[in-house]
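Here the structure comes first, spelled out in structure tokens, and everything after it is commentary.
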Amino acid sequence: MKRLFFFFLAAAIFALPFIKNKKEKAMERNCNKLKYEKSPYLLQHKDNPVCWYPWGKEAFEKAKKEDKPIFLSIGYSSCYWCHVMEKDSFEDKEVAEFLNKHFISIKVDREERPDVDSVYMDAVTALTGRGGWPLSVFLTPDLKPFWGGTFFYKKDFLHILHSIAEAWQKKREELVNNAKVLTKAINKEVASASTPSLTLSLFKQAAKERLSYVDWEWGGFGNAPKFPPSVYFNYLLSSSFINNDKEVEKALRITLDKMALGGIFDHLGGGFHRYSTDRYWLVPHFEKMLYDNALLLTVYSKAYLLFKDKFYLAIARETANFLLNTMRTRGGAFISAIDAGDVGKEGEYYTWSYEELRHCLSEEEIKLAEEVYNISTRGNFEGKNILYFKTKEQWARANTEEFLRIKGKLLKCRESKEHPRIDDKVLTNWNSLAISGLLSFYRATGEKNYYLAAKKAAKFILDKSFKKGRLYHRWRENETK
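First residue of the sequence shown? That's 2 in this note's numbering, and the numbers climb one at a time after it.
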């Protein structure tokens with residue numbers, strides 16, 4: 002009996018570390034509050050060992066009660082570098098333990114809370130001269146920013162965390178004063194901002210200033226990375242029409258042509274990627290955003306009406322069909338974004354190795370694809386091929402009956418690849434842009450199905466997001482916010 006007692010005692014002692022380890026893991030899971038959220042971005046972080054809180058009263062009160070600084074991380078679901086920082090830092094036990102001990106950590110989806118993102122983006126831009134996502138900001142418990150940056154690898158991030166935790170203990174007054182000065186400066190800048198009266202003279206002057214940044218060879222403004230300048234496009238289209246300005250027209254047409262021919266446009270499934278990493282609109286950052294495609298649908302539809310170029314109408318049509326076929330929900334509204342791909346697999350869905358092409362096409366078809374899509378055994382992106390056109394003549398060949406069969410085969414092969422993740426939340430403002438884009442295309446073509454699609458999306462927003470006289474920003478899984 003005595004021997005049996007010691008056996009069970011030894012077994013219990015031996016099991017203690019395992020029980021403790023299991024208990025610690027359970028506590029880690031319980032301290033992460035993101036599992037109760039609806040945002041796809043926040044849900045991506047629900048299993049991190051970091052004790053994440055959503056933006057809200059619970060986190061703010063905890064920071065005050067425990068007298069800890071806040072670490073605020075802002076991103077969005079299709080942000081590639083957000084995924085990299087998660088994998089490198091937020092899934093790491095060492096980083097998580099230090100964050101959990103010394104900080105209150107808050108995660109924000111910038112698409113769900115653009116107001117919060119805007120405030121702290123201004124702060125980081127004021128501190129560092131640049132911004133971006135993921136946005137990493139350190140705040141006092143009363144939400145005033147005192148230090149920030151964007152993406153950090155684990156080694157640098159840990160060094161920053163240790164430095165700030167030490168400064169919070171030994172130089173807190175200095176940090177708090179920095180926060181007050183920064184907040185005051187931002188508030189002053191916002192208060193002093195004014196909107197001048199819009200005159201024809203000012204309209205012309207603004208267009209002239211914008212033209213000084215044009216890349217006259219490849220289009221767009223400035224050097225790489227290049228974002229589709231959708232807002233400027235709309236303004237310059239108006240300027241070209243009102244002033245009959247040929248220089249503005251030239252800048253517009255170079256940019257519209259190069260973007261539509263380049264790899265930033267998906268020549269199989271339609272739609273534009275987020276931005277180009279190079280000057281040539283060739284290698285994109287592969288995520289696709291609703292607002293980019295909605296705005297560019299409007300731009301190409303207007304460009305067709307203004308310049309009567311059927312190439313622009315064709316690009317507008319492909320973009321409109323991409324929205325309807327790929328980004329539309331069953332209820333008729335539109336999802337927010339399509340991811341670029343997993344960490345280490347960016348763009349895998351959209352790019353082609355020569356071997357993949359051989360599995361999809363015959364030798365004769367590959368030869369034709371080489372002539373039209375500019376593919377090669379070497380590739381143009383990490384050994385793979387991004388499909389693109391050098392000229393409008395190549396684009397025209399790709400739209401012949403013979404080549405459309407090749408395109409159909411490639412689409413079928415692409416469907417067998419792992420699809421990028423989607424962010425299926427419905428944002429009122431981005432859906433409004435999509436509705437406007439579809440109506441612009443309807444105005445250009447008179448094709449009623451695009452008008453009906455716009456009407457259905459508007460009905461969804463009014464039915465789901467307009468309640469008791471209030472229009473809500475986000476809808477997902479029957480929750481408005």
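Even for Gly, the Cβ is constructed at its ideal location relative to N, Cα and C.
Enclosing alpha helix (DSSP H) for residue i [first to last residue]
i: K247; result: 247-262
i: P41; result: 41-45
i: T320; result: 311-323
i: D279; result: Where D279 is concerned, there is no enclosing alpha helix (DSSP H), given that its DSSP letter is neither H nor E.
i: K227; result: Premise fails: K227 is in no alpha helix (DSSP H) and is neither H nor E.
Which of helix, strand or coil DSSP assigns to residue i
i: V427; result: strand
i: S106; result: strand
i: F152; result: coil
i: Y452; result: helix
i: V344; result: coil
i: S130; result: Reading the sequence as shown, one finds Gly at residue 130 and not Ser. Coil.
i: L362; result: coil
i: L199; result: coil
i: F6; result: Low per-residue confidence applies at F6: pLDDT is 48, beneath 50, and the placement is therefore not dependable enough to give any value.
i: E218; result: coil
i: F287; result: coil
i: R471; result: strand
i: T378; result: coil
i: E480; result: strand
i: N400; result: coil
i: K21; result: Residue confidence for K21 is low, a pLDDT of 48 falling below 50, so the modelled location carries little weight and cannot support an answer.
Local Cβ density within 10 Å of residue i, reported as buried at 16 or more and exposed below that
i: L162; result: buried
i: H268; result: buried
i: Q170; result: exposed
i: G149; result: buried
i: T392; result: exposed
i: Y313; result: buried
i: N432; result: buried
i: I105; result: buried
i: R477; result: buried
i: R131; result: exposed
i: D258; result: buried
i: L199; result: exposed
i: T141; result: buried
i: E347; result: buried
i: H286; result: buried
Contact belief for residue i with residue j at Cβ below 8 Å, rounded distance in angstroms
i: F91; j: V51; result: 5 Å
i: D424; j: S337; result: 4 Å
i: Y301; j: A317; result: 4 Å
i: P226; j: Y276; result: 5 Å
i: W56; j: V109; result: 5 Å
i: D89; j: K155; result: 5 Å
i: R415; j: Y350; result: 7 Å
i: F222; j: V284; result: F222 to V284, Cβ: 18 Å. No contact.
i: W282; j: G263; result: 3 Å
i: G220; j: T278; result: So it is not a contact: roughly 15 Å between Cβ atoms.
i: K408; j: A399; result: 7 Å
i: F273; j: T320; result: 7 Å
i: I165; j: I107; result: No, I165 and I107 are not in contact; Cβ-Cβ is about 15 Å, not under 8 Å.
i: K468; j: H474; result: Contact flag wrong, Cβ pair sits at about 12 Å.
i: L296; j: L434; result: 6 Å
i: A252; j: L237; result: 7 Å
i: V138; j: Y121; result: 5 Å
Span of the beta strand (DSSP E), counted from its first residue to its last, around residue i
i: V138; result: 136-140
i: Y77; result: Counting along the chain, Y77 falls outside any beta strand (DSSP E), and DSSP gives it neither H nor E.
i: R475; result: 475-477
i: Y54; result: 53-55
Validate contact between the segment 358-372 and the segment 103-117 using beta carbons, cut 8 Å, 3 pairs: The segment 358-372 vs the segment 103-117: no contact.
Is it a yes or a no for the segment 28-43 touching the segment 60-78, going by three-plus beta-carbon pairs under 8 Å? With three or more CB-CB distances shorter than 8 Å, the segment 28-43 counts as touching the segment 60-78.
Cβ pair count under 8 Å reaching 3, the segment 135-154 against the segment 173-193: As far as the Cβ criterion goes, the segment 135-154 touches the segment 173-193, which means the pair count is three or higher.
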